[in-house]
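Numbering-wise (this note's numbering), the sequence shown opens with residue 198 and increments by one. Remarks on the structure that follows.
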Amino acid sequence: MRSNSGKEKGIKLAPSILDADFSKLGEELKAISPYADYIHLDIMDGHFVPNLTFGPMIVETVKRVTQIPIDCHLMIYHVPEWIEAFIEAGADRLSFHLHSTRNEEHIIRTIRNLGASPGLALSPEVPPFELRRFLEVIDFVIVMCVYPGFGGQPLIREMLPRINAIKREARDMGVSVEVEVDGGIKTHNLTEVLEAGADTVVVGSSIFSSDDHGKAAAHVRSVIDTYHPGTGEI
Ligand code: DX5
Ligand code: ZN
198 MRSNSGKEKG IKLAPSILDA DFSKLGEELK AISPYADYIH LDIMDGHFVP
248 NLTFGPMIVE TVKRVTQIPI DCHLMIYHVP EWIEAFIEAG ADRLSFHLHS
298 TRNEEHIIRT IRNLGASPGL ALSPEVPPFE LRRFLEVIDF VIVMCVYPGF
348 GGQPLIREML PRINAIKREA RDMGVSVEVE VDGGIKTHNL TEVLEAGADT
398 VVVGSSIFSS DDHGKAAAHV RSVIDTYHPG TGEI
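What follows is the structure, encoded as structure tokens:
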């Protein structure tokens with residue numbers, strides 16, 4: 198029997214605009230939007246990670262330019278202080294990192310009550326078993342395949358088995374959790390990441406360091422849509 202394609206399975210693409218040209222953000226968003234399921238926005242505070250990016254104002258700007266749902270990835274301390282502002286600015290999905298804060302369950306509930314979809318992100322150094330107690334209350338997990346902070350880093354392959362391990366664990370608990378994979382995904386390793394079980398892939402520099410960003414996003418989209426399980430190498 199023929200296996201379902203990536204398109205039939207509903208595998209999603211979330212371009213990260215971290216490496217976009219912010220002097221023409223509107224054009225950048227228009228070029229990639231036809232191929233995107235989410236726009237992935239990396240929020241960094243210069244403390245939890247050694248880089249500083251942008252806040253709710255840019256989220257609001259992105260919201261004005263595109264209809265695509267916004268996937269806000271917080272890499273910050275002081276998470277509770279910022280949730281409301283990011284959701285008000287237009288975040289449809291809001292994730293934060295394990296080890297960035299306490300009171301995770303309360304934060305997750307607050308995100309949901311404010312109308313966004315809650316997720317938890319897992320850096321390479323954080324053991325996946327720490328996620329277990331939150332699997333029933335979150336909608337998605339971000340498996341980081343780079344140390345958070347910068348775009349353009351190489352994929353840490355050793356993280357890929359985490360994807361199916363987390364999905365298996367959730368299934369055993371009778372819950373379903375979507376796994377988003379973030380960091381180091383390029384066209385040459387994309388099928389490997391899909392083969393490892395990703396439901397959503399974040400792609401940043403591979404799109405935004407190309408000559409034609411729209412064309413690069415279209416290419417990533419077509420690799421996802423035409424992917425068939427069993428055809429990628431692990
Ligand atoms: C890393 C960010 C990623 C990054 C992805 O801290 O969370 O979303 O921008 O960019 P690439 O695809 O270049 O690794
Ligand atoms: Zn990210």
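The C-beta atom is built at its ideal place from N, Cα and C for all residues, glycine as well.
Separation of residue j from residue i, as counted between CA atoms
| i | j | result |
| --- | --- | --- |
| S406 | D216 | 7 angstroms |
| A286 | A313 | 11 angstroms |
| I240 | F283 | 10 angstroms |
| G223 | H410 | 13 angstroms |
| S202 | G348 | 28 angstroms |
| S213 | F337 | 17 angstroms |
| A393 | E301 | 27 angstroms |
| H294 | R330 | 14 angstroms |
| V398 | K204 | 13 angstroms |
| I382 | E278 | 31 angstroms |
| R299 | V343 | 23 angstroms |
| T307 | E389 | 35 angstroms |
| D218 | S403 | 14 angstroms |
| I335 | L249 | 26 angstroms |
| V276 | R290 | 14 angstroms |
| R309 | V323 | 24 angstroms |
| I280 | G371 | 28 angstroms |
| P321 | L357 | 10 angstroms |
| Y242 | H296 | The question names Tyr, but residue 242 in the sequence shown is Asp. Roughly 15 angstroms separates the two Cα atoms. |
| N361 | I305 | 23 angstroms |
| M341 | A211 | 14 angstroms |
| D369 | K206 | 21 angstroms |
| R365 | P315 | 20 angstroms |
| E333 | K221 | 40 angstroms |
| D408 | E355 | 30 angstroms |
Whole-angstrom C-beta distance between residue j and residue i, which should lie under 8 angstroms
| i | j | result |
| --- | --- | --- |
| C269 | L226 | Not quite, the Cβ-Cβ distance comes to about 15 angstroms (not below 8 angstroms), so this is no contact. |
| S292 | L311 | The Cβ separation is near 14 angstroms, so there is no contact. |
| P325 | L319 | 6 angstroms |
| T263 | S230 | 5 angstroms |
| Y274 | H244 | 5 angstroms |
| L391 | I421 | 7 angstroms |
| D379 | I339 | 5 angstroms |
Beta-carbon contacts of residue i that lie in its chain and below 7 angstroms, excluding the five residues immediately before and after
| i | result |
| --- | --- |
| V256 | L238, I267, C269, F283, A286, G287, A288 |
| D396 | I208, K209, E375, V376, E377 |
| S373 | A367 |
| M327 | One point to set straight first is that residue 327 is Glu, not Met, in the sequence displayed. Counting only Cβ-Cβ distances below 7 angstroms, and skipping sequence neighbours, we find L295. |
Cβ-heavy atom distance, residue i to the ligand GDP, below 8 angstroms
| i | result |
| --- | --- |
| G316 | Among the ligands present in this structure, namely the ligand DX5 and the ligand ZN, the ligand GDP is not found. |
Beta-carbon contacts of residue i that lie in its chain and below 6 angstroms, excluding the five residues immediately before and after
| i | result |
| --- | --- |
| A228 | H410, G411 |
| Y232 | A414, A415, R418 |
| G401 | S213, L215, D216, G348 |
| I265 | S230, A233, I236 |
| P253 | A282, F283, A286 |
| L387 | V420 |
| R359 | P325, V340 |
Same chain, Cβ closer than 8 angstroms to residue i, neighbours up to 5 away in sequence not counted
| i | result |
| --- | --- |
| H385 | none |
| T423 | S202, G203, K204 |
| S200 | H425, P426, G427 |
| P351 | V343, G381 |
| P247 | G346 |
| K260 | I267, A286, G287 |
| F251 | L238, I240 |
Which residues have a Cβ closer than 6 angstroms to any heavy atom of the ligand ZN, listed in chain order? That query returns the following residues: S213, H237, D239, H270, D379, V399.
Along the chain, which unbroken stretches of the alpha helix (DSSP H) at least 4 residues long are found entirely within the stretch 258-311? Those alpha helix (DSSP H) runs which fall completely within the stretch 258-311 and span 4+ residues are 276-286, 301-310.
Which runs of the beta strand (DSSP E), 3 residues or longer, sit entirely within the stretch 346-385? Restricted to the stretch 346-385, the beta strand (DSSP E) segments that are unbroken, complete and at least 3 residues in length are 375-379, listed in chain order.
Beta strand (DSSP E) runs wholly inside the stretch 216-258, at least 3 long, in chain order: Within the stretch 216-258, the complete beta strand (DSSP E) runs of at least 3 residues are 236-241.
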